[in-house]
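Notes for the one structure printed next.
Protein chains in written order, with the working numbering: chain G, 11 to 348; chain U, 11 to 348; chain D, 11 to 348; chain X, 11 to 348; chain B, 11 to 348; chain L, 11 to 348.
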């Protein structure tokens, strides 16, 4: 096998009413998506790396549709755990995500229907991460969405991170705080506790909250504090976004590595078709940069450029090409602060 | 209010891939549907009666889409109980039904995703049936799908049937056995026990199993036995269907009332576009006949004609007009056996 | 110019809900169509003759859409009379035809919205038929739909027929009785009176009613009687159709010419997608045969084959090719009775 | 019944070519719409009030499609007067509105085809407004579009307004001058005469013309003059719009009540998908504010916010939610001038 | 790698106008397809084997779209040879296949646009079959379409077959004679000469012409003759099809192995949606049977059942599931003649 | 005939994935387009002149679809040369153009597949330009795309230009340099040599490269030099475009005639839906101005306005109306420099 990266997370069926609204739609386009998965998919289809997804699906027609979409995404499906379906969804389900993209003053709006899903029931013993990583996997990407799905998924992630550590696999984690996942379960405080526990095994963290507009010194100080608390942490990176409307954002990114800070080109009033997946687009472009051994500024530029392109197409996942990412990244005017 | 009929049951979002398959689809048309609801909708839109639906929905964008579809169905929405959504679907959901219509040797295929839905959580105390029926409701229609959703829905139905009895509301019940609902919960035996308990309060029963081809004497004998066991039972009716392929069925119906048996026109090799909802089409046409005080043969002819028309359009629910039903029913060659 | 055929009649915008119903549709495909026009269009696009349409349209966006469709139909648009639109449709309109194709026991159903249209207001003085026919037009095709549109259209047709007679232009007329056009205006009796008046100038008549099944001798006798009454009448032709369902028809045709009767291949249980335009398909194939100087049997075979093919595609107008018509016509088993 | 508001006006079928043009379209999405009706629909579906529509439709498939759409709009259909169709549309029709939304420098463009419609033929005696208002209706909304449809509709409106007055029903009227309706019938002068006659019975008037940019003092002076002329008039409100292109407008609103003037947040370069219905969106949001007893500034903010949201979706009618309107209205920076 | 089967052939982009015609279409759905490839795809997606495709594509957006479709097909893409595109298609192209499915008397019709494609330029030296087969490939499937593409493809196939022989890889070959490929290049005679040359290295041959209706003895005698001429040939199999119309076929299959003949269930008047790919469906089902070591009758039943199911969905490739194939195959009434 | 203008060039089938990407599309809308043809089509459908196209097509279903689209374009099809198709596309093909429109930072992207097309094989002897122009044609429009298709097309163009000269037909030529056409054939240098040879017979040249921003004096000087080199050259005109993103361009135009320079209104940040065909839109509007004898400023204003409108609709060709062009042109603020 020897995959360049394995993602660990849920893959949902995205149901997209196009330029209509969920609540009045009469048809939906479908895509697949998931915060962790989107990174693996983009690394495969845009950036040409080999990737896989560790997840679970209920074995019914919807699960097979998700598989069909993952196959088109080029992501290895052999690590998917298929759970038998009970015919009605009492015991296990597949995640669904009804999301409309918004327009102008009307913000994107969605409803995820992901209770009781197959992946939320995954337990550490269900996946032999040791065997997986022994095949020579290059990286493991996971994050706070998976961590918030159930009470068992943090254990699953922890097991994966420790196995990765043992096999020298680079680990990345996107904080991705989603209030709905923690509603009634302790909220942000509980999420932070879980993240804190898991960050101990992480090399690269995405999604650290920042001020708007960002202050480079504050960001650097925050990153230093994180690095002090989590000694394995080498890289802290995040996108910078200001949404004027659903279709018009200021867009950039910033990253810290070992004392160095790089700020990607600040793109003003970027035209956005569907913002879902922009952050994952950043993470995948950034990880591609790391994989290629690029300097930190190139990493943030590739990440920001890819995230910008990912928001020009419908669906959660990127349809950009490496040539497009490279051209956009290299036309940038980012900066490095040492 | 004074509705002609109230249905009690779940309303799901039907996701329909048209002439494609669920597992390879890239878009879905949406409709609403539910065995009990379909009867109320058809009585309203095709037959011109006033109807309502007693059900529950989770208050999210999907639930509001179902409401949008029910409104178009003309069915009173004021009896819907809205449950707050938790943002993820752990505690309550809306039912989804991914179904493809099949073609030729490829049978219709679906997967219902209705675990943990709002309606499955309805309890007798949640609905004041007494107050509802006191407004002068003409009929109550419910059935075995709702009864199979959870351990509490039989109690709900029983409460409704008793309240109907008290207020002189005619009650009808469609057996509608669905193996998936009873899988792991006792199967057919358990379903039959529940049905047996509930039939005590029922005037009209639909969906009694019959041989193929039907034997009038056996059917009559079976109906007599049911009437003996359930003294309130006045009418036993069911469709007769033989499917040569997804698109070609023999189609008819038979009914018993107080010793009389009527057999609807036998339609050979009927062209079928989407068979989902054919049985509900029969029930609604039949109930219309009862409501209008038609003779038994007219009731089965209206039911069979409406069921046949309901299968000529996509979606679970009928798009037929009363004029079409009447013309088709009256062109029939059914028979009465006394 | 020197067109092979000019049609005189209305061109409507057909609004087609596909496999849905008009009353529940959320979108419509649009086509153009009209009984007389369809013949000109098919002679141009399928049979390769040059044709034009004498008609009138209100000059608004809908009229321009109809023009766009006529252009695609290859029919000369220079003979269209454009009337100024009043912005609301009080004084003049374009004809609209909302028609669904039906399925199985559900018959095709439509509603034409063609009151007060531009063409219904055409008067004899509006068209210089003499000048038109002096350019060397080969044939004039018109019929009973146009004749029924208003009180002035019979005069228009009569003027055209007389001018055709003077210039040696072959004239054909499709009776095409539509009850809605004559409702409240004298019904069938009035229509027949108008047809009788107009048939005096006609060479070829289509759409003569026949028994089902047809009796060759009776048909011949009927044709002889017509020829006796209208001495110019040389050809009497009509389709033979028995509809088992919306999608399954027996289909054939019969024609008389100067004492000879030809019966086209009888096609049993022909698969029909959209029956609208089948009769016009026959007329155009038949007229092509006359134009090419084929024998009577070939004329009916070309007509019947083209009509059969025209019903395999959506829309009112034919999408068949001459090669397909020829192959189907020549595979036939029709017969000539002398 | 006891509806919160009844609208009096026409409901047309909107035929929408999406991002194509009417004149080259091959398909149309359909919506329902009408200046007066849109207000009732939004008050029901966005704002949760109960509403009905007093109108007339021809009883054919198109009329039934309009009914299907009105049902989805949640608006009570029991007040619709159905006129028998003649099969062709000579005597009565349903209104159609072919409208494209425009893009950039290409302006929205439409053609309404509403001559001779059922509602244009409504006469005072056709509706028993006294009985209707006696059921406890909260408000009556009508306007200048209906008034311009025919010579009888002003009488109809006047009758309704007087009956409303008698029963203490609040009345609102949107001037909505449409040149096409008055073309050849006296133009703006005639329209103003009718409006002047009808405003005598009106409490709230929308659509008063203003300068661009608006001058608060002039507006106030104009409102005072109207109030002096029409003593019952309590509120004068209007939207402020400057269109840079089809998709980019400055948008705001202003209102006067009893000497107080409130100006809604001025939104610059608002992204617009389909501007049709923006003004009706304002009226419904404003009336919601009045119904809830909000202060004047809140009324204009709710109106302007709802109008802005209504222009972010296709179709004439709003798909916004109350939560969205509230959030947008409350984020505003409007002002009150006393 | 160790793939269960590798196909060698072209993958084209299928452009499908749905129920419209190519010559009047305004939109096309796209699928991928190719006689040899379809077998690999079905073995992967329906039957669960691992498969790959040896082919070549021009590296442009169309080629990448084909790759996207192949990925969804689950077929290994690592064996695709990508040729640089010249920006215009003078030197190398990707194959396109515009095909409409037909309806009733209107036959399916297509036009392949595959001149000068990448795969037609493949030469023996371009693929290291020895290295490929050394990885443990189970089977090689190729056929007469590839052989007819250019003057070099027979050499390519011969090289592949010899390499397969050396590595003990089972070889199958579908004769698939397409007149257009041999037009102007020697026609059927030339095709037969190439086939004869290539059959020397083949174990299983599909597509041998048979009489309609088939005569078992003649078929057996023909197979014996082939086996005598090509000593390696172990299996001769073919479908039996009689098309009454585009949508209605009699369908069956017959096979010979080592003196035994098996005849699959004869399915009369099978409903067909899109016949393209039916024969490839048979080959893949049959090869699955061989791979599983089933008896000859089961092989033909699986093949015929899968072919029947493949024709119930749009596109060239199968969307059937193994469960459906098994159920249909086992419901059959085929026979073995020894 | 007596056409106002004849275009000489290729007509391709444009395959348009809408707001998706070619490489991930599952359906394509189709349009026809070609740099030279687009001018003829717009002059016919927007500006009302009579036009024709001299081109060649392979006679297969794709060619007939292109013909269907040209007919809708109103352009005379009698000058199309139909070449027999070989069934596979080895010897002759029709041009295809897969182009996506881009969004924001994602640029439009396409791949033309036009190698070996029918028009690239046209030779001077294939068209009798003398006879054509003798019918009284007003203008000939051709350009550098056709010139780049093959080694024979420059000869074809030269022949046409000389014949035009002889018959007093005005000639226009759009340089339209496309690198892909000249890749491997000498690149820009070769293209310029061909253009230089052909400009000798040209009256009006479009597409002369300019600086961004343009300098009027430099442009004038460049035009003077061209006029000196090519004495017949009377007019030099070109568009001025600066693309901020796929959907937002600055847009203008400039032209020189006999020492006079006119600069069209500079439109900043014009909203662009699909930029393909904008330049051809300019050329057609400009030529309309020349045809009407307008002054130079009006010509550039009509050209720039029409080009701007042409980019507000999907497809290569304009859907604008003359009324819209006139209104936009006349609202301009262009200038004349003498």
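Yeah, the Cβ is synthetic: ideal placement off N, Cα and C, and Gly gets one too.
Going along chain G in order, which residues have a C-beta closer than 7 Å to the C-beta of residue 34 (chain L)? 329, listed in chain order.
Going along chain X, which residues have a C-beta under 8 Å from residue 349 (chain D)? What the structure shows of chain D is the stretch from 11 to 348, and residue 349 (chain D) is not part of that stretch, so it cannot be assessed.
Contacting positions in the region 82 to 110 of chain G - beta carbon closer than 9 Å to chain B: 82, 83, 84 and 87
Mind checking if residue 265 (chain U) is an interface residue toward chain D, Cβ cutoff 8 Å exclusive? no
Note down, in chain order, every chain X residue with its Cβ under 9 Å from the Cβ of residue 323 (chain L). Within chain X, the residues whose beta carbon sits less than 9 Å from that of residue 323 (chain L) are 29, 30, 31, 34, 113 and 116, listed in sequence order.
For residue 267 (chain X), which of X:119, X:28, X:248 and X:69 has the nearest alpha-carbon? Nearest of X:119, X:28, X:248 and X:69 to residue 267 (chain X), Cα basis: X:248.
Can you find a C-beta in chain L that's less than 8 Å from the C-beta of residue 193 (chain B)? yes
Only counting the same chain, and skipping five residues up and downstream in sequence, which positions put a Cβ closer than 6 Å to that of residue 328 (chain G)? 52, 56, 291 and 320
List the endpoints of the continuous alpha helix (DSSP H) containing residue 299 (chain U). 288 to 302
Strictly below 8 Å CB to CB, what residues from chain L border residue 257 (chain X)? 281
Taking the straight line between their C-alpha atoms, what separation do you get for residue 271 (chain L) and residue 215 (chain L)? 14 Å
What residues match up with residue 116 (chain X) in a beta bridge as DSSP calls it? X:113
Rounded to the nearest angstrom, what separates residue 184 (chain U) and residue 45 (chain U) at their Cα positions? Between residue 184 (chain U) and residue 45 (chain U), the alpha-carbon positions lie close to 8 Å from each other.
Taking 8 Å as the CB-CB cut-off, is residue 77 (chain B) touching chain U? no
Can you confirm whether the region 223 to 233 of chain U touches the region 187 to 201 of chain U when touching is taken to mean that 3 or more C-beta pairs between the two stretches lie within less than 8 Å? no
Smallest Cα separation from residue 13 (chain X): which of X:161, X:147, X:286 and X:280? Measuring C-alpha to C-alpha distances from residue 13 (chain X) to each of X:161, X:147, X:286 and X:280 identifies X:147 as the nearest.
Please list the terminal residues of the continuous beta strand (DSSP E) segment that includes residue 265 (chain B). 258 to 267
Does the region 76 to 89 of chain U come into contact with the region 77 to 97 of chain G, if we say contact requires no fewer than three beta-carbon pairs (one atom in each stretch) closer than 8 Å? no
Exposed or buried, what is residue 302 (chain X) when buried is set at 16 or more other beta-carbons lying within 10 Å of its beta-carbon? Per the 10 Å Cβ criterion, exposed.
Since residue 152 (chain L) contacts residue 167 (chain L) with CB under 8 Å, what's their CB separation in whole angstroms? 5 Å
Here's the rule: buried if 16 or more other CB atoms are within 10 angstroms of the residue's CB, otherwise exposed. What is residue 6 (chain U)? Because chain U is modelled from 11 through 348, residue 6 (chain U) falls outside the range shown and cannot be assessed.
What's the gap between the Cα of residue 99 (chain X) and the Cα of residue 260 (chain D)? 33 Å
8 Å is my cut-off, CB to CB: does residue 315 (chain B) come that close to chain L? no
Can you pull the chain X neighbours of residue 40 (chain D), defined as C-beta to C-beta under 8 Å? 35, 36, 37 and 38
Taking the Cβ atom as the reference point for each residue, do residue 255 (chain D) and residue 274 (chain U) lie within a distance shorter than 8 Å? no
Could you tell me whether any Cβ in chain U is nearer than 8 Å to the Cβ of residue 186 (chain G)? no
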